[in-house]
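Undergrad: In our numbering, the protein residues as written are 23 to 246.
Cβ coordinates follow ideal geometry from the N, Cα and C atoms, glycine included.
Since this is a predicted model, take the numbers as computed values, not measurements.
Submitted below is the structure of interest, expressed as structure tokens.
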Amino acid sequence: MLLRETLRFLSDLDKNNNKDWFEANRTVYEKAKANVTDLVADLLNGIATFDEHVIGIAPSKALFRIHRDVRFSKDKSPYKTNFGARLQPKESQHARAGYYLHIEPGECFVAGGLYMAEPHALSAVRQAIDSDPGRFTTIAESTSFKKMFGELKGDQLKRVPKGYQQDHPMASYLKYKSFLMVRAFGEKEMLEKDFVKNALQYYKGMKPLNDFINEAVSETAEIK
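Written as structure tokens, this is what we have:
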């Protein structure tokens, strides 16, 4: 269960994003991190009941580091003001679809799909959409999908990618560079005892599209 103190820490960090404050409040940070790690463990255990790919993932390893990479950023704030967790094997994060958790005051959500896809993975998914549009639309345009996630999310090209006709019947989907499903949670929802149970319903709803993506990538790899 997510604790209110965890959100309070993130809110305070947002107002005091500097090393001195962070070190003075490191104990509070460690407690917040431990709380999120426990939450991630519960989510991974739940996801494992319908997706074996998450089995064996250490909850502590699923969390992203709180330190920001400021080398190429104008914003030199040293710390992220959120806890993020990748609920999938680290080595496959841009080549396979998986699950994600984001905890940030005012912006909490669960997500799934393929983010910032590697070229070979993106090409494989587009080929699968082209060759089996019926299966893809049955998933992405189903009533249950739209009720859970609305429209498919992700950055898109302005034009249909090379190799496909501009008037392709699946043109709108072929333009995607990431294939994402997102469900926002209010802070009140995040703090409820049933959050894990509720979140797992959405993660399970993401699995059909994740399977479509991962099967496409795997089949292409096997052909090579």
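Which runs of the beta strand (DSSP E) fall wholly inside the region 61-123 and span at least 3 residues, in chain order?
TA: 105-108
Undergrad: In the structure shown, what three-state DSSP assignment does residue 223 receive?
TA: Position 201 of the sequence shown, counting from 1, holds the residue named residue 223. Three-state DSSP puts residue 223 in a helix.
Undergrad: Nearest to residue 236 by CA position, among 169, 195, 219 and 139, is which residue?
TA: Stepping through the sequence shown from its first residue, residue 236 is reached at position 214. Nearest of 169, 195, 219 and 139 to residue 236, Cα basis: 139.
Undergrad: Can you tell which of 230, 160 and 54 has the C-alpha that lies nearest to the C-alpha of residue 26?
TA: Against the sequence shown, residue 26 aligns to sequence position 4. Nearest of 230, 160 and 54 to residue 26, Cα basis: 54.
Undergrad: Helix, strand or coil for residue 204, going by three-state DSSP, please let me know.
TA: By one-based count along the sequence shown, residue 204 stands at place 182. Reduced to three states, the DSSP call for residue 204 is strand.
Undergrad: Tell me, please, which residues DSSP counts as bridged to residue 136.
TA: By one-based count along the sequence shown, residue 136 stands at place 114. Note: residue 136 sits in a beta bridge opposite 201.
Undergrad: Note down the Cα distance separating residue 48 from residue 114, rounded to an integer number of angstroms.
TA: Indexing the sequence shown from 1 puts residue 48 at position 26. Indexing the sequence shown from 1 puts residue 114 at position 92. If I take the Cα positions, the gap works out to 31 Å.
Undergrad: For residue 246 and residue 239, I'd like the C-alpha separation in whole angstroms.
TA: Numbered from its first residue, the sequence shown carries residue 246 at position 224. Numbered from its first residue, the sequence shown carries residue 239 at position 217. Only weak support is given to the placement of residue 246: the predicted model assigns it a pLDDT of 44, under 50, and the value that follows is read from those uncertain coordinates. Whole-angstrom Cα-Cα distance: 11 Å.
Undergrad: Can you find the residues in the same chain that come closer than 8 Å, C-beta to C-beta, to residue 77, ignoring five residues on each side of it along the sequence?
TA: Taking the first residue of the sequence shown as position 1, residue 77 is located at position 55. If we look at residue 77 and ignore the five residues flanking it on each side, its Cβ neighbours are 70.
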